[in-house]
Amino acid sequence: SFKKTRVPKEKRFQAVVGMVLILILLATEPPVTLFVTTLLYALSGLILELYAFLRKRKETARQEKLN
């Protein structure tokens with residue numbers, strides 16, 4: 011629930027402007043917008059997994075170095 015979330019007024023304004031821009035883009039070019047959104051979503055998952063893998067590998071190397 012976002013009822014207790016405290017967001018500064020500046021951030022709220024930026025969020026509203028961002029949502030309006032996304033809606034305008036979606037209204038003008040729905041196929042392109044949906045494709046780009048899906049592509050970015052898929053890439054973000056891959057990037058996060060790669061980051062987690064590299065971080066875990068670095069931590070394992072550090073532990074082996076200490077032992």
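Okay, so the sequence shown: first residue is 11 according to this note's numbering, each after it adds one. The beta carbon of each residue, even a glycine, is placed where N, CA and C say it ideally should be. As the structure is a computational prediction, the values presented were derived from the model and not from experiment.
Item                                                         : Value
T70 versus L56: straight-line alpha-carbon distance, rounded : 21 Å
Test item: CB-CB of L44 and L33 under 9 Å                    : no
Alpha carbon of L53 to alpha carbon of A62, nearest angstrom : 14 Å
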